[in-house]
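Asks: This note's numbering numbers the first residue of the sequence shown as 19 and each following residue consecutively.
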Amino acid sequence: MTPAPVYDSTRGETGANFEHATLRGLAGDGGLYVPRAWPAAPAELWTAPMTYPMRAAQTLAPFAAGTIDSPALADMAAHAYAGFDEAEVTPVSDLDQGLHLLELYHGPTLAFKDLALQLLGRVFDFLLAERDERRIILGATSGDTGAAAIEACRRSAHLSVVMLHPRGRVSAVQRRLMTTVDAPNIHNLAVDGSFDDCQRMVKTLLRQGRLDGDERAFAAINSINLVRVLAQSVYYMSAIAALGGGPVNICVPTGNFGNAFAAYAAAQMGAPVGRIALATNRNDILHRVVTTGRYEPAQAVETLSPAMDIQKASNFERLVYDLKDRDPAATARAMAGVDDGRGLVLSDTEHARLAGRFTSVRVDDAETVETLRQVHSDTGRVIDPHTAVGVAAARRAFADDGVPTLIAATAHPAKFPETVADAIGAHPALPSRLADLMERAEHVETLPADAAALARYMKEHV
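1. For a test of the three-state rule: what should DSSP assign to H1, helix, strand or coil?
2. Note down, in chain order, each residue of its chain lying with its Cβ closer than 6 Å to the Cβ of S332, except the 5 sequence neighbours on either side.
3. Check each candidate in H183, A45, H430, V379 and name the one with the smallest Cα separation from G550.
4. Just checking, does the region 84 to 102 make contact with the region 68 to 75 on the three C-beta pairs under 8 Å criterion?
5. At 3 residues or longer, and completely inside the region 34 to 108: list those beta strand (DSSP E) runs for me, N to C.
6. Terminal residues of the continuous alpha helix (DSSP H) containing Y282?
7. Pull up the CB-CB distance for R246 and A352, whole angstroms please, since I reckon it's below 8 Å.
8. Could you give the C-beta distance for V209 and L182, rounded to a whole number, given that I count them as a contact under 8 Å?
9. Excluding five sequence neighbours on each side, which residues of the same chain lie with their C-beta closer than 6 Å to the C-beta of L207?
10. Thinking L137 and A167 are a contact (beta carbons under 8 Å), I'd like their distance in whole angstroms, please.
11. Given a cut-off of 9 Å, decide if L337 and L390 are closer than it, judged by their beta-carbon atoms.
12. Should the region 108 to 118 be regarded as contacting the region 143 to 150, the criterion being three or more beta carbon pairs within less than 8 Å?
13. How would you write the range of the beta strand (DSSP E) that A270 sits in, first residue to last?
14. Grab me the residues of A347's own chain with a C-beta within less than 7 Å of its C-beta, minus the 5 sequence neighbours each way, in chain order.
15. Would L304 and T272 be called neighbours here (beta carbons separated by less than 9 Å)?
16. Just verifying my parser: in three-state terms, what is the DSSP assignment at Y123?
17. Does V319 pass the burial test, meaning 16 or more other C-beta atoms within 10 Å, or should it be called exposed?
18. How big is the Cα-Cα spacing for A58 and A39?
19. Looking only at C-alpha atoms, which of P403, A237, G292 sits nearest to T298?
20. Which class does V15 belong to by DSSP, given the choice of helix, strand or coil?
21. Short of 7 Å in beta carbon distance, which residues of its chain neighbour I258, apart from the five on each side in sequence? Order them along the chain.
22. Taking 7 Å as the limit between beta carbons, can you name the residues of its chain near I442, skipping five residues before and five after?
23. What is the rounded straight-line gap between the Cα of I86 and the Cα of D302?
24. What number of angstroms, rounded off, separates the C-alpha of L41 from the C-alpha of L244?
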């Protein structure tokens, strides 16, 4: 029998089980949960043909051992991916010159977040039903997480969702995929501030565990939740299998580092992942830390790839923990500097280890638009601006590398119609099931960028 895994916080709390790490999301000391040891996954997960749900269930089984049995996990995965538009769930298509698009936008809300959240929502419901409890999902979104979380939980009997987004900084389609959901357990909040402000407000309340006088504990569904990252690692294994099972490089348009850390997690489990390229826009904190070893938050600026307009990448803490040889005290000291705005500086050894696995490329808006135009002109394909950042970065990072490169195509182009139309002269169409999205009524409230205001709203309305 597979032993039950143990999860520790990057900042010192130890000994959580799968249930606790999943439902809590953020550790009590402010750290992020990581497995005490990465299991060695069987090679057939990236070499053998199998359905996507089967691959997902087998990948997550050792992490959930002792809490969720394999048949229950397989059933959750089967239902999670049944509604995707493509039978393969995440098909891989050729672009050019050894570059391949990993299509992650065929789920219900047209973004890669659906791959993890459709499964995580079912895991939450399973665990809460076993405990006869209700929880409040409290999250922040830079564009796609919110819609995916809401869609995953809108029919849940055990979960209410409070989702924050930066007002005016997500596309109209992204916003409406959230705000047009009319369900009593769904609460959309537009914050007068940046995504980083939203994330800060959420973290402040998550540290409290629950609102005063409310028996419902908070739960995190953002990529600070480890299970979300683990579920995202599945599509990298699936894509490697689609390309023959050999070594690949991976290029990830990244803001919060969750999708990139999922590629790293696949490598930690044994998948043949070579270099991982971090594709950033002008919000380039991850590019700066890879190239200089200095992780220094700055003011977020608006770009044409808004889901990446982040200057404090929450999941980077998990990598810092590994770079510091899994020393929680050293990680806590380093992250204290990040939390108070000073940033952190990696040692030469730590920086060399980071650069040994990761490379990075910064792509501005002009190059994003030109890449959109060029891909359409040369191939007839329409991609979204975040994927365009990834394509531009991959071409620079892995030119003449000789190793197949997977580019995470993270969103459907119809989520960003104005940017795409400006580049190629035509508006990308939404799938027919969403054709009337722009006419649906919205349900949203506006808040200042203040954690106390968020707490007051929740006490009154949730």
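We put the beta carbon where it would ideally sit given N, CA and C, even for glycine.
Replies: A quick look at the data gives this:
1. One cannot answer for residue 1 here, as it falls past the ends of the chain, which runs 19 to 480.
2. I242, N274
3. This structure leaves residue 550 out entirely; the chain is present only between 19 and 480.
4. yes
5. 51 to 53
6. 276 to 286
7. With a Cβ gap of about 23 Å, R246 and A352 do not count as contacting.
8. 5 Å
9. L182, E463, L465
10. The Cβ separation is near 12 Å, so there is no contact.
11. no
12. no
13. The sequence shown places Val at residue 270, not Ala. Where V270 is concerned, the enclosing beta strand (DSSP E) stretches over 266 to 271.
14. G30
15. yes
16. coil
17. exposed
18. 20 Å
19. P403
20. The chain is shown only over 19 to 480; residue 15 falls outside these bounds and no answer can be derived.
21. W64, V266, A289, P290
22. L390, R391, H394, V400
23. 39 Å
24. 10 Å
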